[in-house]
Structure formats: structure tokens, C-alpha cells
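Counting in our numbering, the sequence shown runs without a single skipped number right up to 228 at its last residue.
For reference, the structure is listed below as C-alpha cells.
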Amino acid sequence: MKSKSKLLNNEQFFYPQIFLSPILSIFIGSIFIAILAQVSIPIPFSPVPITGQTIGIVIIGTVLGPLNGSMAVIVYIFEGALGLPVFANLSSGIHVLMGPTAGYIWGFIVGAFLMGVLDKIGFTSNFLLSFLSCLIVTTLILVIGTLYLAFFKTGLKLALEMGFYPFLIGDFVKSFISASIILGLKRIR
40 MKSKSKLLNN EQFFYPQIFL SPILSIFIGS IFIAILAQVS IPIPFSPVPI
90 TGQTIGIVII GTVLGPLNGS MAVIVYIFEG ALGLPVFANL SSGIHVLMGP
140 TAGYIWGFIV GAFLMGVLDK IGFTSNFLLS FLSCLIVTTL ILVIGTLYLA
190 FFKTGLKLAL EMGFYPFLIG DFVKSFISAS IILGLKRIR
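Now the structure itself:
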């Protein structure tokens, strides 16, 4: 009888944690992305700033996995759509999700998912693989953002000049930083 009582107490204690842990992780992930969005460097000839968001995306995808990582991005987008100042330069609103940076923001969902998958199949097991995975994901986000910019705003030539080429070196550097952080996190896991 005493062991049954102990079992019930354990169930009551552990089941809420199992339910809340992914939700809390997703919410914290969305906040992490929002914080890194504020690391923003405007480019004079482009409507798209250089931000720390892609670092957040690849780390969240790696730490939370493909589904929860993507959900963290969706929550982040939802927060911004509701008017919380989570996008770059403390911006928010539906207009941001339809403006020149929208393709990059929507591409974050795919990026977090892909990074989670790459982690699951072992493509973050060492620095080189981590770096290449981060570079693939950040380049994919650039491609999605540039295609949106080209289709809805500027045409392909101008979109490449304003939304792709200027970001390649930065994404290389951010991939290096991200891979270093990912390996550091894996050591303490």
C-alpha cells in the first residue's frame, strides 16, 4: 500500500513536467530568437538588416529538435503578429510578415526544422559538420528570403543585390559562431 501511494505521488509530480517541458522550451526558444533579432545592423542599400536571428534559428533547431524548434519559430512569428516587439529593431505586426523581410522570417521555420533533422542524423557531431550544417541552413533561409523579395517586391536581379549577396560573408561568420556554440552546448548536455 505504501509503494502505491509513492507511485501516485511520482505520477502526479512527473506528468505535469512532461507536458510543460516542451511548451516551456518552445516559449524560451521563441524568446531567444526575439533577443537575437535585436542584434541588428542596417544595410544602407537594403531593406533587410543583418541580424542575429539565424544564430538563434540554428541553435534552437539543434537544441529543441525539428518539431519543437519549428514550433518555437512559429510562436515567435505569432508573438510578432500579435504586436509584441520581437522582430528586428523591436518591430512587430502583420505588415512585417508581408514586408521585405517576410520571406526570411517564414524561412526560419524551414531552417529550424532542417537544422533539427541535421542534428538528429549526426551532422553536428563535430565542428566541420556543424559548420556546414549551419551554413546550409542559413543559405537556405537566404534563398527563401531572396525569392520572396524577388517575387513580391523587386525582381530577381535587385533581390540578389539587396537580399542575398550582402549576407553571404555574414552568414559564413554566423555559421562559424553557431557551430562553436552548438559544440559547446553538446559538451554540457
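Ideal Cβ positions, reconstructed from N, Cα and C, are used throughout, including at glycine.
Near residue i, which residues of its chain fall below 8 Å by C-beta distance, leaving aside the five closest residues on each side in sequence?
{"i": "K45", "result": "Confidence at K45 is low in this model, with a pLDDT of 45, below 50, so its placement is unreliable and the value that follows should be read with caution. Excluding residues within five positions, none has a Cβ falling inside 8 Å."}
{"i": "L129", "result": "Q77"}
{"i": "L179", "result": "G146, V149, G150, L153"}
{"i": "I113", "result": "I148"}
For residue i, count the other beta carbons within 10 Å of its own beta carbon; 16 or more makes it buried, fewer makes it exposed. Which is it?
{"i": "L174", "result": "buried"}
{"i": "I227", "result": "exposed"}
{"i": "N107", "result": "buried"}
{"i": "L153", "result": "buried"}
{"i": "S164", "result": "exposed"}
{"i": "F71", "result": "buried"}
{"i": "M137", "result": "exposed"}
{"i": "S169", "result": "buried"}
{"i": "G68", "result": "buried"}
{"i": "I160", "result": "exposed"}
{"i": "L157", "result": "buried"}
{"i": "G91", "result": "buried"}
{"i": "I99", "result": "buried"}
{"i": "G223", "result": "exposed"}
{"i": "F126", "result": "buried"}
Just curious, the alpha helix (DSSP H) that residue i is in, first and last residue?
{"i": "G100", "result": "92-120"}
{"i": "L157", "result": "141-159"}
Spatial neighbours of residue i within its chain, please: C-beta separation below 7 Å, excluding the five flanking residues on both sides.
{"i": "L195", "result": "A189"}
{"i": "I94", "result": "L75, K213, I216, S217"}
{"i": "I208", "result": "none"}
Could you pull out every residue in the same chain whose Cβ sits closer than 6 Å to the Cβ of residue i, ignoring the five residues on either side in sequence?
{"i": "P86", "result": "P139"}
{"i": "S131", "result": "G119, G122, L123, P124"}
{"i": "F162", "result": "L168, S172"}
{"i": "P105", "result": "F152, G155, V156"}
{"i": "F53", "result": "Residue placement at F53 cannot be trusted, given a pLDDT of 38 that sits under 50; what the coordinates show is reported in the next sentence. Counting only Cβ-Cβ distances below 6 Å, and skipping sequence neighbours, we find nothing."}
{"i": "F206", "result": "L181"}
Pop quiz: residue i and residue j are said to be a contact at Cβ under 8 Å. What is the actual Cβ separation, rounded to whole angstroms?
{"i": "K88", "j": "I96", "result": "Note on residue identity: the sequence assigns Pro, not Lys, to residue 88. P88 to I96, Cβ: 15 Å. No contact."}
{"i": "S64", "j": "L103", "result": "6 Å"}
{"i": "L199", "j": "T177", "result": "In fact, because the Cβ distance is near 16 Å, the residues do not count as touching under 8 Å."}
{"i": "A141", "j": "Y187", "result": "6 Å"}
Go through the stretch 163-215 residue by residue and report every complete run of the alpha helix (DSSP H) that reaches 4 residues or more, in order. If only complete runs of 4 or more residues are kept, the stretch 163-215 shows the alpha helix (DSSP H) at 166-188, 195-202, in order along the chain.
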